[in-house]
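Participant:
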Amino acid sequence: MTIKERVFSGMQPTGSLHLGNYLGAMLQWIKLQETHECIYCVVDLHAITVWQDPEELRRSIRQVTAAYLAAGLDPQRSIVFNQSQVSAHAELAWIFNCVARLGWLNRMTQFKEKAGKDRENASVGLFAYPNLMAADILAYRATHVPVGDDQKQHLELARDIAQKFNNDFKGGIERAGHADGVFFPLPEPVITGPATRVMSLRDGTKKMSKSDPSDLSRINLTDNAETIARKVQKAKTDPEPLPSEAAGLKGRPEAENLVGIYAALNGQSVDAVLSEYGGAQFSAFKKALAEAAVARLAPITSEAERMMQDPATIERILADGSARAHAIAAPIMAEVKDIVGFIRS
Ligand code: AQP
């Protein structure tokens, strides 16, 4: 049987979305709606792998949903929902906890970074996070996953889990009518956003992240024009003027990041930006960068703000999306349970 192409991706409601989420993943999500069946999730089960204040979490779920819609996700054409409303995610994650090997998870760099030195005190959920991510994708037998570059390793793990499940249960999969022995597709990462790794404005070697304690490190999709301009103005740089060619950015992570962001916002190549700004001081370039960021983000911010005034509509969209997501995942889960050997009535 051929597996239909289907897109799945998600973001954590651990704060408001930032420019890295937007340029690294969201722009691709919007584009893929034109060609694919798309399922976009607010991954609230992932969010609680680190402590979240319950009221803040509820607010962030609405906020991230509002940002999805304001940026251009169409809840009619795509499925937009929050993960905890569809039980298949948690059920399949448990099965994958029993398929994935401890050694595989021990190699995940994101766990090492997030757990830091206090590994013993990290939640078990944070360690098993990639298994839940594999379940998110495979509960829909999704084939394509648009993400930023930081998720590459987790996607490789999802492929390993799919492959091992297919191997371990080959007999049952064939008996269930999948003659080629393939139940789960090996999901393909789609890492083709205009800036697949946006770095912190305070440290060009660190990823821009919601959980960075410094708000100056990121441009949030909720920031107003004045805040964006201030953050760009305060962004770390080096004393040299901008080079005229991309090769001149080597060893200058902050300059490389700012030029990359500007290029992505304007749909230009890095070389085209440097042919215009080569030799310029950062003060002039930062002004242009702030203007480009405001021009792109202001309409999204104001639309998301407007939506946040009407939480009932946001929750209705999530409920509708969850019902549609459940309708796809439920028969897949029923088959998984048969294949694994559970009895269901
Ligand atoms: N800096 C980034 N550059 C490009 N893409 C990025 N993504 C995240 N940061 C960048 C992509 O955005 C999607 C959603 O990410 P997430 O919310 O699930 O969590 P994350 O990757 O862990 O992002 P954060 O901001 O660093 O969140 P926290 O701080 O909560 O862990 C993914 O496709 C990701 O690749």
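Heads up, the sequence shown is in our numbering, so the first residue is 13 and it goes up one at a time.
Just so you know, even glycine gets a beta-carbon here, dropped at the ideal spot from N, CA and C.
1) Rounding to the nearest angstrom, what Cα-Cα distance links Met13 and Val285 in this structure?
2) Let me know the secondary structure DSSP gives Met120 once reduced to three states.
3) Ignoring anything shorter than 4 residues, give me the alpha helix (DSSP H) runs that lie fully in the stretch 197-260, in order along the chain.
4) Thinking Ala267 and Leu277 are a contact (beta carbons under 8 Å), I'd like their distance in whole angstroms, please.
5) Helix, strand or coil, according to DSSP, for Pro343 in the structure here?
6) Do you know how far the Cα of Ile351 is from the Cα of Gly183?
7) Assuming Phe108 and Ala147 make a contact with CB atoms under 8 Å, what is their CB distance in whole Å?
8) From Ser256 to Thr313, what distance separates their C-alpha atoms?
9) At which residues does the alpha helix (DSSP H) containing Lys177 begin and terminate?
10) Strictly by DSSP, which residues pair up with His30?
11) Less than 7 Å separating the Cβ of Asn33 from some heavy atom of the ligand AQP?
12) Does DSSP classify Phe93 as helix, strand or coil?
13) Less than 7 Å between the CB of Thr208 and some heavy atom of the ligand AQP, yes or no?
14) Under three-state DSSP, which class holds Phe354?
15) If you draw a straight line from the alpha carbon of Leu44 to that of Val19, how long is it in whole angstroms?
16) Going by beta carbon distance, what residues of the same chain come within less than 7 Å of Thr155, once the five residues before and after it are set aside?
17) How far does the alpha helix (DSSP H) with Gly272 in it extend, from its first residue to its last?
18) Within the continuous beta strand (DSSP E) that includes Arg153, where are the two ends?
Facilitator: In short:
1) For Met13, the pLDDT reaches just 40, beneath the cut-off of 50, and the residue's location in the model is therefore unreliable, leaving the point undetermined.
2) Looking at Met120 - three-state DSSP - the assignment turns out to be coil, as it is neither helix nor strand.
3) Counting only runs of 4 or more, we get 237-246.
4) Contact doesn't hold; Cβ gap of about 16 Å is too wide.
5) Under the three-state reduction of DSSP output, Pro343 falls in the helix class.
6) Rounded to whole angstroms, Gly183 to Ile351 spans 9 Å at the Cα level.
7) Between Ala147 and Phe108 the Cβ distance is about 5 Å, and since that is below 8 Å, they are a contact.
8) Between Ser256 and Thr313, the C-alpha separation is close to 33 Å.
9) Checking the displayed sequence, the identity of residue 177 turns out to be Phe instead of Lys. Taken as a continuous stretch (DSSP letters only), the alpha helix (DSSP H) holding Phe177 covers Lys164 to Asp180.
10) Per DSSP, the beta bridge partners of His30 are Asn232.
11) Correct: Asn33 has its Cβ closer than 7 Å to the ligand AQP.
12) For Phe93, the three-state secondary structure derived from DSSP is strand.
13) Thr208 Cβ: within cutoff of the ligand AQP.
14) DSSP places Phe354 in coil when its eight states are reduced to three.
15) A straight line joining the alpha-carbon of Leu44 with that of Val19 spans about 8 Å.
16) Correct list, in chain order: Ile15, Glu17, Arg18, Pro197, Pro199 and Glu200.
17) In this chain, the alpha helix (DSSP H) harbouring Gly272 covers Pro265 to Asn278.
18) Per DSSP, Arg153 belongs to no beta strand (DSSP E) and is neither H nor E.
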